[in-house]
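Chains as they are written, first to last, in my numbering: chain D, 925 to 1266; chain S, 925 to 1266. Just so it is clear, CB atoms sit at the ideal spot from N, CA and C, and this is done for glycine as well.
Number of protein chains: 2
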Amino acid sequence: MTALNERKQQILRAVITDYIVTAEPVGSRTVSRRYHTDLSAATIRNEMADLEELGYLTQPHTSAGRIPSQQGYRFYVDSLMDAMPLSAQEEKYLSHFYLQLQKMKEIDQIIQHTAKALSMITKYTSLVLGPQLRRSRLKQLRLVPLNEKRALVVLITDTGFIKNKIIELPQALSENELSGIMSYLNEQLAGKSIELLSAAQLRKLRSELCNKIDLLEQMLLLLDESSSESESRVFLGGASNILNQPEFKDIEKVKHLLALFEEGERLSFMLETTMAGVSIRIGTENRISEMNECSLVTATYMLHDRPVGAIGVLGPTRMEYAKVVTVIEKISNKLNGLLDML
Amino acid sequence: MTALNERKQQILRAVITDYIVTAEPVGSRTVSRRYHTDLSAATIRNEMADLEELGYLTQPHTSAGRIPSQQGYRFYVDSLMDAMPLSAQEEKYLSHFYLQLQKMKEIDQIIQHTAKALSMITKYTSLVLGPQLRRSRLKQLRLVPLNEKRALVVLITDTGFIKNKIIELPQALSENELSGIMSYLNEQLAGKSIELLSAAQLRKLRSELCNKIDLLEQMLLLLDESSSESESRVFLGGASNILNQPEFKDIEKVKHLLALFEEGERLSFMLETTMAGVSIRIGTENRISEMNECSLVTATYMLHDRPVGAIGVLGPTRMEYAKVVTVIEKISNKLNGLLDML
DNA sequence: GTTTAGCACTCTAGCTTGAAGAGTGCTAAA
DNA sequence: TTTAGCACTCTTCAAGCTAGAGTGCTAAAC
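What follows is the structure in structure tokens.
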């Protein structure tokens, strides 16, 4: 790929900037008039022809203006894009919003509201992956007897996650026996990552506690569920926002995307593969056919210094990248701050 | 409203039946040819003119066929509609589906899958209201000490609902003191409906336990949250199905509906006001402007013989009412059966 | 060598027109 | 009371046309 000289870069930036706001193919005249008053349309035309040949721009048809190609956007976000600060109003809104959120102690609530804030400010659709239970470590396992036949198992992780389940007691067990089992289990399991509680380890426990096998079985089931619980931990915000984008005025395209929104599995997969820091995936880089005309900007968030989930903004490839990146950074910071206090 | 003679009823039924499948205005000729071979188009025409005058049919424009009015649909579901049994295939699918669900013990999971099944079979969008915590009665309140500073409050309802929260202990309390508070609270509160735990009652408790006020405060907060937790307990299934309906080929209409789907509050309100048994609300009967061209068929479901939630199917007013009613009845039965076993 | 003006050419979006088709309402006859 | 016939209305669709935007190329200007 030939390096672009300064002028080509400026013209490319102009085309992309303009296209992002107008959603209309950008002609040489527009660039000359609005962004490069010192150059004539004809000159711009030549440069744009070059940019097209190099793969940064495309033409919907002869005698239309140019629109950025996927490669063009990629170059833009990598090298051309200027950081865009939030407006005072937006800053204020966010500060206020997260001040409100401080009152909430449930992590899920915070996460869901974060999805709302993201879509409110960006006007795109937001995706938020809730904290992954299986990336947490087991802190405590508690057994609370309810009556002679039933007990409540409570699983507490180091990330403040609580999950519980009622189990049937196989036989009447004395308080002593129960607490014996509990302390043994806690000894063995505390501090272990839930994801990595290997089958082997569980099998070992199983044999060691073979006389209490039924009880154990049920408790282990809870763990099992927890570690495989990837499903449906994704929250959406502003799904209807995509309908405001002119590229989705065609019902068929919306249909596929909307159907994708209902597939929690696939959504969470997209977010799970997110790197630390802000990442941008444009069009086919998402490796999901429904998203070929969309871009996804994501960031991870932390709980006790470990990345446990991710937030993201989904829009057309013609997205306000600069703004979205700023917003995502800001919000993930606020979120991290909030979660640290839990 | 003048009563309709037998022939008018049959013609109205023919028009509605046809319109439901074709989504096209139905002409007199079509009715004559397909449903009333013994009458000529001209006769039908006269009858249809009458039906229009009576308010059961409307004409999009002169020289188009007729389409049912809201009043027409209302008459249809009240008096004209034949019950439609499920196909063998659908029966099989449902049986299989709910056999699978038996393995799940979490009520929320069952509810969410029910939304899926509803939309799968009907090809419309489904709405499901999760069991309302505040309609349950308090069974037990448990305090599990975690360490010197923190404890876990566990709230268990008679409907098998569990909710918990970590609270800070104001001062080091002995096990004895804690269990004293607990048994006192349980004595006072057990069996009470969460919704009806009145402010007065809570205030009384507050004064009686004034020395342990901080602790109590936090626990009461949990109750408070529970009773006001109406928000976001609605699950959607097959939201993208509405896009298959020709009445929603216009993006603008979809946008409003989709935005409504994101307003958990309003959705749950719609479902909360559902009567016992199957209820059908057509168009403006929903009293929600976004739903003026939609119908909603709902039914409540039971947990331990008390209605605690509702399931519903949302489609265009031109909906296959007969089929949807059958499906809703069937599924709410299956759901009730399943929940009884919990 | 680079930039620009000029011009012919291309393509789309939007408008008009006309014909076909579906359906109605009315009238008069069966 | 029902039906056939007919004039009339309205929509839909394709075809044809125009205006406008934008291009690429060439030749002249800097």
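Asked	Found
With a threshold of 8 Å, are at least 3 pairs of Cβ atoms found where one atom belongs to the region 996 to 1006 of chain D and the other to the region 1197 to 1207 of chain D?	yes
My output table needs one value for Ser-1154/D: the three-state DSSP class, helix, strand or coil.	Confidence is the limiting factor: at Ser-1154/D the pLDDT is only 46, short of 50, which leaves the residue's position unreliable, though a coordinate-based value still follows. Reduced to three states, the DSSP call for Ser-1154/D is coil.
Give me the chain D residues within the contact set of Ile-1118/S, using Cβ-Cβ distance strictly less than 8 Å, ordered along the chain.	Result: empty, since nearest Cβ-Cβ is about 18 Å, beyond 8 Å.
Pick helix, strand or coil for Ala-1114/S, following the three-state DSSP scheme.	coil
Just the C-alpha distance for His-985/S and Leu-1057/S, rounded to the nearest angstrom, thanks.	50 Å
Leaving out five residues on either side along the sequence, give the residues of the same chain with a beta carbon under 6 Å from the beta carbon of Thr-1046/D.	Val-1237, Val-1248, Val-1251
If I'm right that Ser-1219/D touches Thr-1198/D with Cβ under 8 Å, what's the distance once you round it to whole angstroms?	Actually they do not touch by this definition, with Cβ atoms about 14 Å apart.
Could you pull the DSSP bridge partners for Arg-1066/S from this structure?	Val-1078/S
Check whether the Cβ of Leu-1023/D lies closer than 7 Å to any Cβ atom in chain S.	no
Taking C-beta to C-beta, are Ile-1166/D and Thr-1049/D nearer than 7 Å?	yes
Ser-1050/S lies in the beta strand (DSSP E); which residues open and close that run?	1049 to 1053
Taking just the CA atoms, how far does Lys-1027/D sit from Val-907/S?	An answer regarding residue 907/S cannot be provided, because it is not within the stretch 925 to 1266 covered by chain S.
Of all Cβ atoms in chain S, is any one closer than 7 Å to the Cβ of Leu-1182/D?	yes
So, are the CB atoms of Lys-1173/D and Ile-1175/S less than 7 Å apart?	yes
Can you tell me where the beta strand (DSSP E) holding Ala-1234/D begins and where it ends?	1230 to 1240
Considering Glu-976/D, what are the terminal residues of the alpha helix (DSSP H) in which it resides?	965 to 977
Is there at least one Cβ from chain S nearer than 7 Å to Arg-1242/D's Cβ?	no
Which residue comes first and which comes last in the alpha helix (DSSP H) that contains Met-1194/S?	1188 to 1196
Use the C-beta contact count for Lys-1016/D: other C-beta atoms within 10 angstroms, 16 or more gives buried, fewer gives exposed.	exposed
Using Cβ-Cβ distances below 8 Å, what residues of the region 1069 to 1092 of chain D are close to chain S?	Leu-1070, Leu-1076, Val-1078, Ile-1080, Gly-1084, Ile-1086, Asn-1088, Lys-1089, Ile-1090
Of the choices Ile-1080/D, Leu-963/D, Thr-946/D, Leu-1042/D, whose alpha-carbon is the least far from that of Arg-931/D?	Leu-963/D
Kindly indicate which residue of Ile-1086/D, Arg-1059/D, Val-955/D, Ser-1060/D has the alpha-carbon position closest to the one of Val-1068/S.	Ile-1086/D
Mind checking who Lys-1087/S pairs with in its DSSP beta bridge?	Leu-1079/S
If you follow the alpha helix (DSSP H) that Arg-957/D is part of, which residue opens it and which one closes it?	952 to 958
Using 6 Å as the cut-off, classify the Cβ of Leu-1109/S as near or not near the heavy atoms of the ligand PLP, replying yes or no.	The ligand content of the structure shown is nil, which means the ligand PLP is not present either.
Which residues in chain S sit within 7 Å of Ala-973/D, going by Cβ to Cβ distance?	What Ala-973/D touches in chain S: nothing, since even the nearest Cβ is about 35 Å away.
I need the straight-line Cα distance from Glu-1030/D to Ile-1091/S, nearest angstrom please.	12 Å
Buried or exposed: which applies to Met-1265/D, given that a residue is buried once 16 or more other Cβ atoms fall within 10 Å of its Cβ?	exposed
Going along chain S, which residues have a C-beta under 8 Å from Leu-1167/D?	Ile-1175, Val-1178, Lys-1179, Leu-1182
Mapping the DSSP letters down to three states, classify Arg-998/D as helix, strand or coil.	helix
List, in chain order, every chain D residue whose beta-carbon is nearer than 9 Å to that of Arg-1066/S.	Val-1068, Leu-1070, Leu-1076
Val-955/D and Ile-968/D - do their beta-carbons sit closer together than 7 Å?	yes
Would you say Ser-1164/S reaches chain D, if we count a Cβ-Cβ gap shorter than 7 Å as a contact?	yes
The beta strand (DSSP E) with Ile-1031/D in it runs from where to where?	Ile-1031/D -> not in any beta strand (DSSP E); alpha helix (DSSP H) instead, spanning 1031 to 1046.
Whole-angstrom Cβ separation of Leu-936/D and Tyr-980/D, contact assumed at under 8 Å?	6 Å
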